[in-house]
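S.K.:
Number of protein chains: 2
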Amino acid sequence: MNMKTVLIVCDGMADRPTRALKGLTPLQAAHVPTFDRIASLSECGIMDLISPGQPPGSDTAHLAIFGYDPEKYYSGRGAYEALGAGIDLKPGDVAFRCNFATVNEEGVIIDRRAGRISSEEAKILAEALKDIELEDVKSIFISTTEHRGVLVLRGEKLSRMVSDVDLHKTGVKIEKPIPLDSSEEAKRTAKILEEFITKAKKVLEEHELNKERVARGLRPANILLPRGAGTMPNVKNIEEVWGIKGAAIAGGALYKGVAKALGFKLINVPGATGGLDTNLKGKVDYTINALKEYDLVFLHIKATDTVSHDKDPVKKKEVVEWISRELTPLIDLVEDRGYYLVLTADHTTPSEVGDHRGDPVPIAIMGPDVRRDSVERFDEISCAKGGLNRIRGIDLMKILMNYLGKVPLFGE
Amino acid sequence: MNMKTVLIVCDGMADRPTRALKGLTPLQAAHVPTFDRIASLSECGIMDLISPGQPPGSDTAHLAIFGYDPEKYYSGRGAYEALGAGIDLKPGDVAFRCNFATVNEEGVIIDRRAGRISSEEAKILAEALKDIELEDVKSIFISTTEHRGVLVLRGEKLSRMVSDVDLHKTGVKIEKPIPLDSSEEAKRTAKILEEFITKAKKVLEEHELNKERVARGLRPANILLPRGAGTMPNVKNIEEVWGIKGAAIAGGALYKGVAKALGFKLINVPGATGGLDTNLKGKVDYTINALKEYDLVFLHIKATDTVSHDKDPVKKKEVVEWISRELTPLIDLVEDRGYYLVLTADHTTPSEVGDHRGDPVPIAIMGPDVRRDSVERFDEISCAKGGLNRIRGIDLMKILMNYLGKVPLFGE
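Same order as they appear, the protein sequences are chains B and Z. The opening residue of the first sequence carries number 1 in the working numbering; numbering runs sequentially from there. The opening residue of the second sequence carries number 1 in the working numbering; numbering runs sequentially from there.
1) According to DSSP, is serine 183 (chain B) helix, strand or coil?
2) Counting Cβ pairs, one atom from each stretch, are 3 or more of them under 8 Å apart for the region 243-250 of chain Z and the region 216-235 of chain Z?
3) Between threonine 5 (chain B) and isoleucine 288 (chain B), what straight-line distance do the alpha-carbon atoms span, to the nearest angstrom?
4) Isoleucine 363 (chain B) CB to nearest chain Z CB: under 9 Å?
5) In the DSSP assignment, what residue or residues form a beta bridge with serine 42 (chain Z)?
6) Using Cβ-Cβ distances below 9 Å, what residues of the region 40-74 of chain B are close to chain Z?
7) Could you tell me which whole beta strand (DSSP E) segments of length 3 or greater appear in the region 283-336 of chain Z?
8) When you compare the CB positions of phenylalanine 66 (chain Z) and alanine 259 (chain Z), do they come within less than 9 Å of one another, or not?
9) Short of 7 Å in beta carbon distance, which residues of its chain neighbour glycine 386 (chain B), apart from the five on each side in sequence? Order them along the chain.
10) Give me the DSSP bridge partner(s) of valine 9 (chain B).
11) So glycine 76 (chain B) packs on threonine 231 (chain B), CB below 8 Å; how close in whole Å?
12) Does arginine 97 (chain B) have its Cβ less than 9 Å from a Cβ in chain Z?
13) Is any beta-carbon of chain Z found at less than 9 Å from that of glutamate 412 (chain B)?
14) List, in chain order, every chain Z residue whose beta-carbon is nearer than 7 Å to that of glycine 407 (chain B).
15) Around the C-beta of valine 214 (chain Z), are 16 or more other C-beta atoms found within 10 angstroms, so that it is buried, or is it exposed?
16) Look at the alpha carbon of proline 177 (chain B) and the alpha carbon of leucine 193 (chain B), and state the distance between them as a whole number of angstroms.
17) Kindly list, in the order they appear in chain B, the residues whose Cβ is closer than 7 Å to that of glycine 228 (chain Z).
18) List, in chain order, every chain Z residue whose beta-carbon is nearer than 7 Å to that of isoleucine 399 (chain B).
19) Classify asparagine 268 (chain B) as buried or exposed, calling it buried when 16 or more other Cβ atoms lie within 10 Å of its own Cβ.
20) May I ask you to list the residues that DSSP assigns as paired with alanine 14 (chain Z)?
21) I want to know whether the region 347-354 of chain B touches the region 2-21 of chain B - three or more CB-CB distances under 8 Å.
22) Which bits of chain Z does arginine 371 (chain B) rub up against, with CB to CB less than 8 Å?
23) Could you name the residues of chain B that arginine 77 (chain Z) contacts, counting a contact when the two beta carbons are closer than 9 Å?
24) Return the chain-ordered ranges of every beta strand (DSSP E) run that is complete within the region 108-167 of chain B and spans a minimum of 3 residues.
25) How far does the beta strand (DSSP E) with glycine 246 (chain Z) in it reach, from first residue to last?
26) Would you call the region 100-107 of chain Z and the region 274-290 of chain Z in contact, with 3 or more CB pairs under 8 Å?
27) Buried or exposed, going by whether 16 or more other CB atoms sit within 10 Å of the CB of asparagine 99 (chain Z)?
28) For a quick check, are the C-beta atoms of leucine 158 (chain B) and isoleucine 140 (chain B) less than 9 Å apart?
29) Excluding the 5 residues flanking glutamate 185 (chain Z) on each side, which residues of the same chain have their C-beta closer than 8 Å to its C-beta?
30) Determine whether the beta carbon atoms of tyrosine 255 (chain Z) and leucine 291 (chain Z) lie at a separation below 9 Å.
31) What residues of chain A sit near arginine 160 (chain Z), judged by a beta carbon separation below 9 Å?
32) Compute the distance between the beta-carbons of arginine 377 (chain Z) and aspartate 131 (chain Z), then report whether it is under 9 Å.
33) Evaluate contact between the region 227-244 of chain B and the region 106-126 of chain B, counting only Cβ atoms and requiring at least three cross-stretch pairs below 8 Å.
34) Start and end of the beta strand (DSSP E) containing glycine 228 (chain B)?
35) Is phenylalanine 196 (chain Z) helix, strand or coil by DSSP?
36) So is arginine 216 (chain Z) buried or exposed if we call it buried at 16+ other beta carbons inside 10 Å?
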């Protein structure tokens, strides 16, 4: 029998008790009958994506969830952004996540998102950045959504050991990229990156669109801030490791990129934006459809993280309720067919903090062979009483593949 | 005070929900008052023998339970089979578990157990295999129970890096052993093993007993299929590590062998077969008796695994009930004397699958100093709510030795 598994990751869904919800987490406060149905049919637990107390990035968390130890295989965020944006990244390339931003005449960063420039305008600017000539290295720049973009440096002797230019701070002077180790490659890459930033700045400053923005009273996108230098991870893909075919349904470039790097087929859903306006119904429909062809379907939902970063626990509760509702037809199908399904988060983003934290996340694994426990609510505290107890992110894939009979014996 | 501990391992006892038992595991469905008494007096939990989701072999699982990290110390199954069969294995020897099997004239394996040949007949054939001459290497072959036997190659420059000839498959042509690394030793060992198989085949084919078997309409034991090449593990024994004297009571050669390799004294119980017909009452009596002299008595019960491989959940429930009943006098004594006792399994063998899986096993640790929790039933799901939470096999010995005050401080 060809057993199927759905892996649902609601980004940053796990939370802490909030004042706005009278000491409850958004999951605890929410009315989420479908989530609770999943919990009832599951073995539940809590999961440290990396290790107890360690706040994970979205990239390292997803590597772990897919069974790749981030301590071994993490090679920077930029690579996943590039892959997710559709760039055919090659071994040796160094990729950067970039923000269109605004600096003043003293070189002080006054807006890391260039007045939240629209995707359309960013695309026009990106077009002008295509022809930047660098000494014996090729640059590839594309914009993705709003102020976000990806830069790839392609050439000989490059290194990802260069510092972030975007330090997630405003009101500070922009700093030059510096090499992070003593290699010639890192020195060279830092120099090339600096050259790119300088040349890009000139192009942006002279661009008609920016002049127009200033005339309209908007902030010009007059600089690119790279960060998260990354290279292609050197890993066996999931088909080689487990003999399964995986598909990924996600809005955000990063999640697509991680999945693509590991051999998942990306399935694009019209209107899947990675935002609050995403076409969640469509994503669920496409997930159901993908189960016909793929063994493991990864469904990523970003909205929970977005409202967490906006520090809005009440809105997060509503988003959770919306997700629970929209998942219903998928859960019906999984239960009916006797498939496996995982519901979890990739990190805790406390909605009173607005940033990733290292608290564990709730997890439920439902399927025909799981040892169902007595947990009947899907939230951070109820799941901690479940039969899975406390696992690590890196354990999840093997636990699933064990149910599918795909883990070879160690010993005899 | 000289504190005593009993370590009871019911092989493959842990299971999954089964249809035959209306969604319960055999342990959940069973009436096991003595097991439940143990749980009530214990701190309970679940245990991953190796790591979450990783199916363990019986050999690696027992190494872990005894406190030896199998990632470091596992050196093949064959060594344990040889030690358990009473062979005085020496450093440098390479040992193999062997099956008497049946091949047809085209060399296709048609029965991996030679028509379940009896121990008596196998012994007669083994006698004829004693005199096989190999070039500058000595071979030792003995039969153990039924179709099972052990081969030891003794000589210079041998390696355990040779492939299994028994691939657990029938209907396929027998394959030659091949070296598993590029060393001269592995090449040489593969060649010698092939020579042994060829010469043994000739002896077996010409043996009167096999001719008689064919005449009686039985399958001839006309080939030996080696597997699990192993060498003596290079470890400190438990007395050196912990300063305790250990005894082992087990039917199966493998379990005896692991225990012996680690310094346990083997206590042979008349009628302890490792089968469903084993003299369990005798094993329990001998365990009680061994506690007079030994600090740690390991009691291994194989029957739970046998019925699991036979895919019989209902029978497994009955076997579990039988074991619980027979253990009663031992538990009475342990409770009365204030000794420690562990009840657990070495792996999950789902009785609907019939093979090892990587789900955790339930564990109960009873004794005067344990923090008793509220678990009152010994089964996979009840124990998961216990005070031990989720531990690893490699943790168990230190947890026990901690109660005995035998673990030195780390730091001051």
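C-beta: ideal position from N, C-alpha, C; glycine also.
M.R.: According to the data block:
1) Residue 183 (chain B) sits at position 183 when you count from the first residue of the first sequence. It is coil, neither helix nor strand.
2) no
3) The residue labelled residue 5 (chain B) in the question sits at position 5 within the first sequence. The residue labelled residue 288 (chain B) in the question sits at position 288 within the first sequence. The straight-line gap from Cα to Cα measures roughly 11 Å.
4) Sequence index remark: in the first sequence, residue 363 (chain B) carries index 363 (1-based). No, no contact with chain Z.
5) Your numbering for residue 42 (chain Z) matches position 42 in the second sequence. Answer by DSSP bridge pairing, in chain order: Z:Met366.
6) Glu43, Gly45
7) 296-301
8) Walking along the second sequence from the start, residue 66 (chain Z) turns up at place 66. Walking along the second sequence from the start, residue 259 (chain Z) turns up at place 259. For phenylalanine 66 (chain Z) and alanine 259 (chain Z), yes; Cβs fall inside 9 Å.
9) Along the first sequence, read from residue 1 onward, the residue named residue 386 (chain B) stands at position 386. So the list reads Glu43, Cys44, Gly45, Asp373, Val375, once near-sequence residues are dropped.
10) Here residue 9 (chain B) is taken as the residue at index 9 of the first sequence, counted from 1. Beta-bridge pairing links valine 9 (chain B) to B:His300, B:Thr344.
11) The residue you call residue 76 (chain B) lines up with position 76 of the first sequence. The residue you call residue 231 (chain B) lines up with position 231 of the first sequence. Correct: roughly 6 Å between the Cβ atoms.
12) Residue numbering aside, residue 97 (chain B) sits at position 97 when the first sequence is read from its first letter. Taking Cβ atoms only, chain Z never reaches closer than 9 Å to arginine 97 (chain B), which makes this a no.
13) Reading the first sequence from its first residue, position 412 is the one you call residue 412 (chain B). It does; some Cβ of chain Z falls within 9 Å.
14) Taking the first sequence and counting its residues from 1, the one referred to as residue 407 (chain B) is at position 407. A small correction: the amino acid at residue 407 (chain B) is valine; glycine does not occupy that position in the sequence shown. In chain order: Gly53, Gln54, Pro55, Gly358.
15) One-based indexing of the second sequence puts residue 214 (chain Z) at position 214. The residue is exposed, with fewer than 16 neighbouring Cβ atoms inside 10 Å.
16) Along the first sequence, read from residue 1 onward, the residue named residue 177 (chain B) stands at position 177. Along the first sequence, read from residue 1 onward, the residue named residue 193 (chain B) stands at position 193. Rounded to the nearest angstrom, the two C-alpha atoms are 7 Å apart.
17) Taking the first residue of the second sequence as position 1, residue 228 (chain Z) is located at position 228. What glycine 228 (chain Z) touches in chain B: Glu412.
18) Mapped onto the first sequence, residue 399 (chain B) falls at position 399. Going along chain Z in sequence order, the residues near isoleucine 399 (chain B) (Cβ under 7 Å) are Pro52, Gly53.
19) Along the first sequence, one-based indexing puts residue 268 (chain B) at 268. By the 10 Å Cβ count, asparagine 268 (chain B) comes out exposed.
20) Translated into the one-based positions of the second sequence, residue 14 (chain Z) becomes position 14. According to DSSP, which records beta bridges pairwise, alanine 14 (chain Z) is partnered with Z:Thr348.
21) yes
22) Here residue 371 (chain B) is taken as the residue at index 371 of the first sequence, counted from 1. What arginine 371 (chain B) touches in chain Z: Arg16, Pro17, Thr25, Asp359, Glu380, Ile381, Ala384.
23) Here the question's residue 77 (chain Z) lines up with position 77 in the second sequence. What arginine 77 (chain Z) touches in chain B: Gly411, Glu412.
24) 109-111, 138-143, 148-154
25) Within the second sequence, the letter at position 246 stands for residue 246 (chain Z). Segment 246-249, the beta strand (DSSP E) holding glycine 246 (chain Z).
26) no
27) Along the second sequence, read from residue 1 onward, the residue named residue 99 (chain Z) stands at position 99. With 16 or more Cβ atoms within 10 Å of its Cβ, asparagine 99 (chain Z) is classed as buried.
28) The residue labelled residue 158 (chain B) in the question sits at position 158 within the first sequence. The residue labelled residue 140 (chain B) in the question sits at position 140 within the first sequence. No, they are not a contact pair.
29) Position 185 of the second sequence holds residue 185 (chain Z). Excluding sequence neighbours, glutamate 185 (chain Z) sits near Lys157, Leu158, Ser159, Met161.
30) On the second sequence, residue 255 (chain Z) is found 255 positions in, with the first residue counted as 1. On the second sequence, residue 291 (chain Z) is found 291 positions in, with the first residue counted as 1. No. Outside cutoff.
31) The question asks about chain A, but that chain is absent: this structure's protein chains are B and Z.
32) Numbered from 1 along the second sequence, position 377 holds the residue referred to as residue 377 (chain Z). Numbered from 1 along the second sequence, position 131 holds the residue referred to as residue 131 (chain Z). It is not a contact, given that the beta carbons lie outside the stated cut-off.
33) no
34) As a working note, residue 228 (chain B) is residue 228 in the first sequence. Residues 223-230.
35) One-based indexing of the second sequence puts residue 196 (chain Z) at position 196. Phenylalanine 196 (chain Z): helix per DSSP, three-state reduction.
36) Here residue 216 (chain Z) corresponds to residue number 216 of the second sequence, with the count starting at 1. By the neighbour-count rule (16 or more Cβ atoms within 10 Å), arginine 216 (chain Z) is not buried but exposed.
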